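Notes follow the structure.
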Amino acid sequence: MKLSSIFAKSLFDQRRSFAGWSLGVGLLVIVMAAMWPSVRDMPGLDTFVQNYPAALRKLFNLETFRTGSGYLNTELFSLMVPALFLVFGIGHGARLLAGEEEDRTLDVLLSTRCSRRRVLLEKAAGLVVVVIGLGLVLTVVTLIMGLVLGMGMTVGEVVRGGLAMAALGIEFGLVALAVGAARGRRAVAIAVATALAIAGYVLYVLGQLIHAVEPWRGISPFVQALDRGPIRPSWSAGPAVMILCGVVALAISIPVFERRDIGS
Amino acid sequence: MVRTRGLTKRFGATLAVDRLDLDVAPGSVFGFLGPNGAGKTTTIRLLLGLQRPSEGTAEIFGLDCTRAREQIHRHVGYLPGDFAVYPHLTGAQYLAFLTALRGGVAPGAVEGLVDRFELDVTRHLGTLSRGNRQKVGLVQAFMHEPELLVLDEPTSGLDPLMQQRFRELVAAARDRGATVLLSSHVLGEVEEIADTVGILRAGRLVIVENLEQLKEHARRHVEITFAREVPTENLRRVVGVHELVVTGRTARLVVAGSMDELFRVAAPAGVENVVASEASLEEILLGYYSEPNR
Chain A
1 MKLSSIFAKS LFDQRRSFAG WSLGVGLLVI VMAAMWPSVR DMPGLDTFVQ NYPAALRKLF
61 NLETFRTGSG YLNTELFSLM VPALFLVFGI GHGARLLAGE EEDRTLDVLL STRCSRRRVL
121 LEKAAGLVVV VIGLGLVLTV VTLIMGLVLG MGMTVGEVVR GGLAMAALGI EFGLVALAVG
181 AARGRRAVAI AVATALAIAG YVLYVLGQLI HAVEPWRGIS PFVQALDRGP IRPSWSAGPA
241 VMILCGVVAL AISIPVFERR DIGS
Chain B
1001 MVRTRGLTKR FGATLAVDRL DLDVAPGSVF GFLGPNGAGK TTTIRLLLGL QRPSEGTAEI
1061 FGLDCTRARE QIHRHVGYLP GDFAVYPHLT GAQYLAFLTA LRGGVAPGAV EGLVDRFELD
1121 VTRHLGTLSR GNRQKVGLVQ AFMHEPELLV LDEPTSGLDP LMQQRFRELV AAARDRGATV
1181 LLSSHVLGEV EEIADTVGIL RAGRLVIVEN LEQLKEHARR HVEITFAREV PTENLRRVVG
1241 VHELVVTGRT ARLVVAGSMD ELFRVAAPAG VENVVASEAS LEEILLGYYS EPNR
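One line per chain: the protein sequences are A and B, in this order. For the first sequence, our numbering assigns the number 1 to the initial residue and increments by one for each residue that follows. For the second sequence, our numbering assigns the number 1001 to the initial residue and increments by one for each residue that follows.
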């Protein structure tokens, strides 16, 4: 691969990690999907589900647990896969710029004719592309398993599920990149993005349980990504809102990064 | 070419650079000297626009180092102090990457520099020794034939042969009209190539002189072992001799400037052995401030 730009190099840098994550996400989907036929045929499943508290039934989309999409929404797309995409996005977002500044390789990069804005934007593009790539892997493996096991999901449903997960990774990855650009510390970038993600998840859960919190639920990225199941029959504005929030965070960080002292 | 006025940088309560007025003439080689921690690297980072001055101005090519950062960078080659590399890239990949980012690298320029430094670019940078990494840093700084080279401790880690190659490279750059600013914490590293030397101490530029003037003040530690008795009184009378200590047939002393007279006086007493070492920068600075005590 020719390293002809910062964008190209950021893809090159992430290639090994991307391969590993793709393998992990793919295997996870295969293993979990493979268990679906036995869950579907479980006698007394409906009674079992009905015994769960109503809030948990809603939180993990248990009402539709017997269907292929419902099962995957509950077992994978409500907690495990979102968490993986968050870790992937935040880890890469924090490493791309703050990591490079801590390693002191950023000095030479910023002594070329490339502006700081361009360095940041090309790295952001590299981040978005790999997260979308991981979303594609998730989508394709889910589609294949759905077909193989006859899970009865449409292509559109699965694509919407993959998109919601990728949007989550992009949003918090861009937040980590932005915080890293503004502060220059990888640990700070990871801490801030993770804290925001946890706050969003807490809001999502509390909104189900506490009536007074419910009006505020909508601002949680997890509501935008997970509400009524990521694998869903219709489009929602959720992913667009999430990506937009990430882009806004990045835009705010540009002037800060341009004015800041590097590596001090 | 490089011009700062009242350039000041504070980090919290620490004053790293203190009202610095620096002028580097076009086409000259400027040796930027100072003990470790004197503010050399901070000054260089201010010039590169990596950091912003707390007060004062820094200009390169008549352009402001912060506002016109990218415009200046097109014509600057920079080697950071403690040059860091991407360990997972090979030398060839790294140099190709920077060639793409920098632009303006003539065909064959990288290869020429790689040959000059006998560098193996097929190896991953993470596996290279410190000296070889430094060579990669020098190649990337010189490869686009910039008008201004800013080199922070360029010879650190290089063996004497490569230091010589480096000096040739600097001389060639000057011959084609480039300006070079290089920093060091030892005078010996720059005295062969610099036209002018500026000495920084505690963030202040305390001396700017051409090299000839500086050498007149340069102090050396000399240890002379005599075959016969030490001509103590004669040595004491030599201009520039300080701190004469005699033990047995060995005289230890510090001499400022030329050693010509010292040896003329010492030779008749039968010199058996001479060991001379360069004085540290702090001692040179001391030489500027203290009267000779004879």
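Just so it is clear, CB atoms sit at the ideal spot from N, CA and C, and this is done for glycine as well. Because the structure is a prediction, the values reported are computed rather than measured.
With a minimum length of 3 residues, the unbroken runs of beta strand (DSSP E) contained wholly in the segment 1135-1201 of chain B fall at 1148-1152, 1179-1184, 1196-1201. With a threshold of 7 Å between beta carbons, residue 1010 of chain B makes no contact with chain A.
DSSP places residue 1105 of chain B outside both helix and strand once states are collapsed to three, so it counts as coil. Residue 138 of chain A: member of the alpha helix (DSSP H) spanning 116-149, first to last residue. Residues of chain A whose Cβ lies closer than 7 Å to the Cβ of residue 1074 of chain B are, in chain order, 113.
The way I'd put it, the segment 20-28 of chain A does touch the segment 121-141 of chain A; three or more beta-carbon pairs between them come closer than 8 Å.
Inter-residue distance for residue 1144 of chain B and residue 70 of chain A is about 60 Å (C-alpha atoms, whole angstroms).
Between residue 58 of chain A and chain B, the shortest Cβ-Cβ separation is not below 7 Å. Per DSSP, residue 95 of chain A is not a residue of any alpha helix (DSSP H), being assigned neither H nor E. C-alpha of residue 111 of chain A to C-alpha of residue 1101 of chain B: approximately 10 Å in a straight line.
For residue 1029 of chain B, the closest C-alpha among the options B:1070, B:1149, B:1054 is that of B:1149. When DSSP states are grouped into helix, strand and coil, residue 1003 of chain B belongs to the strand group. Going by beta carbons, residue 126 of chain A and residue 22 of chain A fall outside the 7 Å limit. Taking a cut-off of 8 Å on C-beta distances, the segment 1040-1053 of chain B touches the segment 1069-1088 of chain B, as three or more cross pairs fall below it. One Cα belongs to residue 1214 of chain B, the other to residue 1197 of chain B, and the distance between them is close to 8 Å.
At a beta-carbon threshold of 7 Å, none of the residues of chain B lie near residue 126 of chain A; the nearest stands roughly 14 Å away.
Beta-bridge annotation (DSSP): residue 1283 of chain B is not paired with any residue. If you keep only unbroken alpha helix (DSSP H) runs of at least 4 residues inside the segment 1224-1248 of chain B, you get 1232-1236.
Nearest to residue 104 of chain A by alpha-carbon distance, out of B:1202, B:1140, B:1187, B:1085, is B:1085. Flagged as an interface residue toward chain B: residue 107 of chain A, by a C-beta distance shorter than 7 Å. Taking each of B:1142, B:1203, B:1184 in turn and checking the Cα distance to residue 1178 of chain B, the smallest one comes out for B:1142. Residues of the segment 1118-1143 of chain B whose Cβ lies closer than 7 Å to any Cβ of chain A, in chain order: 1140.
Sequence-distant partners of residue 171 of chain A (beyond 5 residues in either direction) whose C-beta falls short of 7 Å from its own C-beta, in its chain, are 221, 242, 243, 245, 246.
At a cut-off of 7 Å between C-beta atoms, residue 4 of chain A counts as an interface residue with respect to chain B. In this structure, the CA atom of residue 216 of chain A is about 52 Å from the CA atom of residue 1018 of chain B. With distances taken between CA atoms, residue 1180 of chain B lies nearest to B:1193 out of B:1275, B:1189, B:1193.
Taking 7 Å as the cut-off between beta carbons, the residues of the segment 1035-1068 of chain B near chain A are 1048, 1050, 1051, 1052, in sequence order. Cβ proximity to chain A below 7 Å picks out nothing from the segment 1157-1181 of chain B. The beta carbons of residue 1055 of chain B and residue 1004 of chain B sit no closer together than 7 Å. Listed along the chain, the chain A residues whose CB falls inside 8 Å of the CB of residue 1101 of chain B are 5, 6, 109, 112, 113, 114. Ranked by how close their Cα comes to the Cα of residue 123 of chain A, the residues A:89, A:148, A:153 have A:89 in first place. Counting the other Cβ atoms within 10 Å of the Cβ of residue 1073 of chain B gives 16 or more, which makes it buried.
With its beta carbon less than 7 Å from one in chain A, residue 1080 of chain B belongs to the interface. Nearest to residue 1024 of chain B by alpha-carbon distance, out of B:1002, B:1235, B:1146, B:1279, is B:1002. Judged by pairs of C-beta atoms under 8 Å, the segment 157-174 of chain A touches the segment 224-243 of chain A, as three or more such pairs exist. Contact of residue 123 of chain A with chain B by beta-carbon distance below 7 Å is absent, the smallest such distance being about 13 Å.
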